[in-house]
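Heads up, the thing below is written out as structure tokens.
Residue numbers (my numbering): 1 to 250.
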């Protein structure tokens, strides 16, 4: 054991493989002051041992790293935290460890403004993961600081109906950064008021659904129309999802 692990330097590789014995042995050879620096060592993509263990879903390794000083807010070159990695790959227990034991920010954004919820939608597409994040306090109507897209826009564009419905059902005026989406005294968000940086509503996103199955894409539109009531988007958008204005040529 001594000879095998004393010479190893790539903690990230060992952590990513889920080898808790190996991780423990490698850290053993470092003083307490050196352990954190060793744990935080990054590869050329900016990923460290915590990133790799979260991406692979090795929750016990994650807990061990956190207990020995790993920072949950460490970011790679894309600005991704370990939570982005865990959620993008559908690892609920790993995400739970980051939130409960590491205290990571659930709505932290990477360099292109995406939260862990968006990574869940575009990566694992796990409704169980999405439900876990929402129950843990994720903002269902979080707006990307660059393009204004919300998780609902992403869920509809990717044809993830279960997550889209979860987001619609979970939007709460007390748990959102966009309280203006709720009519006075209302408990249900008006989807017609949700807009990204281009002015696109969830209906636009649904009409642009990238699902390979046409029926799945149609279901996205039906889901939005059902949630909108009459389906007419306020602010100059008709039922087809087209922007309507005096300057529009379409």
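Where is the CB? At the ideal position from N, CA and C, for every residue including glycine.
Assign residue i to buried or exposed, taking buried as 16 or more other Cβ atoms, counted over all protein chains shown, within 10 Å of its Cβ.
i: residue 213; result: exposed
i: residue 180; result: exposed
i: residue 63; result: buried
i: residue 200; result: buried
i: residue 67; result: exposed
i: residue 21; result: exposed
Is the beta carbon of residue i sitting closer than 7 Å to the one on residue j?
i: residue 69; j: residue 36; result: yes
i: residue 224; j: residue 211; result: no
i: residue 167; j: residue 145; result: no
i: residue 125; j: residue 72; result: no
Hey, how far is the Cα of residue i from the Cα of residue j?
i: residue 65; j: residue 217; result: 42 Å
i: residue 251; j: residue 92; result: For residue 251 there is no data in the structure shown, the boundaries of the chain being 1 and 250.
i: residue 220; j: residue 136; result: 26 Å
i: residue 41; j: residue 138; result: 29 Å
i: residue 133; j: residue 96; result: 9 Å
i: residue 39; j: residue 90; result: 23 Å
i: residue 23; j: residue 49; result: 9 Å
i: residue 74; j: residue 100; result: 17 Å
i: residue 285; j: residue 148; result: No answer is possible for residue 285: it lies beyond the span of the chain, which begins at 1 and ends at 250.
i: residue 250; j: residue 104; result: The predicted position of residue 250 is uncertain, since its pLDDT is 33 and thus under 50; a value taken from the coordinates is nonetheless stated next. Looking at the two C-alpha atoms, the distance is approximately 45 Å.
i: residue 236; j: residue 171; result: At residue 236, the pLDDT of 41 sits below 50, so the modelled position is not reliable; the number obtained from the coordinates is stated separately. Using only the alpha carbons, I get a separation of about 24 Å.
Name the two residues that bound the continuous alpha helix (DSSP H) containing residue i.
i: residue 84; result: 82-88
i: residue 96; result: 92-100
i: residue 134; result: 127-135
If contacts are defined as beta-carbon pairs under 8 Å, then residue i and residue j qualify, I think. What distance do you get, rounded to the angstrom?
i: residue 155; j: residue 121; result: 5 Å
i: residue 15; j: residue 61; result: 5 Å
i: residue 54; j: residue 85; result: 4 Å
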